[in-house]
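Heads up: the sequence shown runs through residues 95 to 403, numbered per our numbering.
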Amino acid sequence: MVHIQSTTQSSSRDEASTSSSGYHPLDILEGVDIVKFRKRCFIPELPITLPPGYFGDFPAVERWFQTSLSQPEASRLNIAYLKQHGADALVPLELTQSHLEQSAHQESPGKDEIGFRKFHAPLSLFLEWIRAAETQSPPTRLYLAQCQLLDLPQTLRNDFPTPALVSQAGRGDIYDTNVWIGHPPTYTPLHRDPNPNLFVQLAGKKVVRLIAPDKGQALFASVRQKLEKSGGHEAAAFRGEEMMQGQERALLEEAVWGDVSDISGSKNDCKGYEVHLEAGDGLFIPKAWWHSIKGVGKRVTASVNWWFR
95 MVHIQSTTQS SSRDEASTSS SGYHPLDILE GVDIVKFRKR CFIPELPITL PPGYFGDFPA
155 VERWFQTSLS QPEASRLNIA YLKQHGADAL VPLELTQSHL EQSAHQESPG KDEIGFRKFH
215 APLSLFLEWI RAAETQSPPT RLYLAQCQLL DLPQTLRNDF PTPALVSQAG RGDIYDTNVW
275 IGHPPTYTPL HRDPNPNLFV QLAGKKVVRL IAPDKGQALF ASVRQKLEKS GGHEAAAFRG
335 EEMMQGQERA LLEEAVWGDV SDISGSKNDC KGYEVHLEAG DGLFIPKAWW HSIKGVGKRV
395 TASVNWWFR
């Protein structure tokens with residue numbers, strides 16, 4: 095396991111839930127500047143959490159979501175704003191149909207799901223589903239997943255200015271920028287990215303588990319071996335349909351989020367890192383680091399990420 099040298103401290107919100115899971119809290123990069131980020135994280139390819147609320151004044155955080163004074167942590171999607179500027183935009187959606195309506199209340203999604211498919215539809219359709227999901231638990235769930243910024247009208251694109259960490263730490267090449275919006279529980283299975291990834295939480299809460307390249311590859315290969323499939327690097331297709339349903343989804347989820355002793359052999363072994371993200375928080379995920387992400391809580395959860403070089 096690669097050990098992260100402490101920059102200052104670990105996030106207190108992570109510590110209580112990770113000590114017995116085998117996943118340790120990830121350090122925070124205090125006093126962020128490009129030189130420090132490049133030296134400590136980007137070049138050595140080590141993950142790091144940005145200071146809490148570092149992206150709190152990001153335009154999309156302020157324009158795409160509404161908060162109440164009584165519940166500042168409970169954001170709602172600003173449906174009127176998004177309809178005004180992007181109702182007809184065709185966006186990628188993932189539909190998951192549950193066998194039992196009560197499965198929508200499960201802490202761990204995936205046990206009773208019987209269908210998964212991807213399709214494109216107007217943003218307005220997704221906004222109406224989100225509005226309904228705030229007051230009921232529909233058995234059919236929609237997730238706006240990996241929506242490219244270029245799919246959105248210019249007014250909405252302007253709400254996502256490129257962070258300096260993305261434009262200045264490396265060569266300045268941006269491979270892709272994606273928006274993710276859903277109603278918990280949401281889930282992204284274990285995978286690794288071919289490029290460095292800056293992940294920013296816009297609203298709601300997500301939990302990210304990260305595993306170093308060697309351990310992640312071994313874990314992924316062990317799951318594929320159980321399915322009598324190839325476990326090579328080329329097999330880890332990002333959000334491939336086989337990873338989002340059926341036995342492969344269940345085994346991957348159990349391997350990452352289940353009993354730590356199943357893989358590491360010891361509950362005291364550091365299996366990886368766990369990060370809890372709230373609105374305005376940011377996480378740097380180096381290329382080849384394996385990770386799985388869950389949206390949690392009771393309100394809309396949304397993120398944006400930049401793959402860059």
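Heads up, the beta-carbon is just placed ideally off N, CA and C, and yes, glycines get one too.
Discussion item. Using the Cβ count rule (16 or more neighbours within 10 Å means buried), how would you classify THR280?
Written reply: buried
Item to complete: Return yes when the Cβ of LEU221 is within less than 8 Å of the Cβ of ILE142, no when it is not.
Response: no
Worksheet item: Would the beta-carbon of VAL302 fall within 8 Å of that of ALA349?
Response: no
Worksheet item: If you drop the 5 nearest sequence neighbours on each side, which residues of the same chain put their C-beta closer than 7 Å to that of ARG265?
Response: ARG403
Worksheet item: Looking only at C-alpha atoms, which of ASN399, TRP401, PHE378 and GLY389 sits nearest to ILE122?
Response: PHE378
Discussion item. Below 8 Å on the Cβ atoms is my contact criterion, and I expect PHE131 with LEU259 to pass it. Report the Cβ-Cβ distance as a whole number of Å.
Written reply: 6 Å
Worksheet entry | Rounded C-alpha distance that separates ASP245 from LYS299 | 25 Å
Worksheet item: Quick one: is ASN437 buried, meaning 16 or more other Cβ sit within 10 Å of its Cβ, or exposed?
Response: Beyond the ends of the chain as shown, which are 95 and 403, falls residue 437; an answer cannot be given.
Discussion item. Could you give the first and the last residue of the continuous beta strand (DSSP E) run that contains THR280?
Written reply: 280-286
Worksheet item: Taking the Cβ atom as the reference point for each residue, do LEU243 and VAL273 lie within a distance shorter than 8 Å?
Response: yes
Fill in: For VAL394, the residue or residues it bridges with in DSSP
None; VAL394 has no bridge partner.
Worksheet item: How about ALA154 and VAL185: are their beta carbons less than 8 Å apart?
Response: no
Fill in: N- and C-terminal bounds of the alpha helix (DSSP H) containing HIS277
Element bounds for HIS277: n/a, residue is neither H nor E.
Worksheet entry | The beta strand (DSSP E) enclosing LEU371, as first and last residue numbers | 366-371
Worksheet item: CB ILE256 to CB ILE268, shorter than 8 Å?
Response: Sequence check: residue 256 is Thr here, not Ile. Their beta carbons are under 8 Å apart, which means THR256 touches ILE268 by this criterion.
Worksheet item: Whose C-alpha, out of ARG134, VAL394 and GLY180, is nearest the C-alpha of LEU250?
Response: GLY180
Item to complete: Give the single residue among VAL294, ALA315, ALA297 and GLY374 whose Cα lies nearest to the Cα of ARG286.
Response: ALA315
Practice prompt. Enumerate in chain order the residues of its own chain whose CB-to-CB distance from ASP375 is below 8 Å, with the five nearest sequence positions on each side excluded.
Written response: THR143, LEU144, PRO146, GLY147, TYR148, PHE149, VAL294 and GLN295
Worksheet item: What residue does the alpha helix (DSSP H) around LEU313 start on, and which one ends it?
Response: 307-320
Discussion item. Our contact map puts GLU335 next to PHE152 with C-beta atoms below 8 Å; I'd like the distance itself, whole angstroms only.
Written reply: In fact, because the Cβ distance is near 32 Å, the residues do not count as touching under 8 Å.
Discussion item. Need the endpoints of the beta strand (DSSP E) that PRO119 sits in, please.
Written reply: 117-119
Discussion item. Can you give me the C-alpha to C-alpha distance between LEU345 and GLN178, rounded to a whole angstrom?
Written reply: 42 Å
Worksheet item: Taking C-alpha atoms, which residue in LEU187, ILE275, LEU189 and GLY125 lies nearest to PHE159?
Response: ILE275
Item to complete: In the DSSP assignment, find the unbroken alpha helix (DSSP H) run with VAL260 in it and report its ends.
Response: 258-262
Worksheet item: Looking at C-alpha atoms only, which residue of GLY391, ALA226 and VAL398 is the closest neighbour of SER169?
Response: GLY391
Worksheet item: In whole angstroms, what separates the C-alpha of LEU371 from that of ARG134?
Response: 21 Å
Worksheet item: Is it right to say THR234 is buried, meaning 16 or more other beta carbons lie within 10 angstroms of its own, or is it exposed?
Response: exposed
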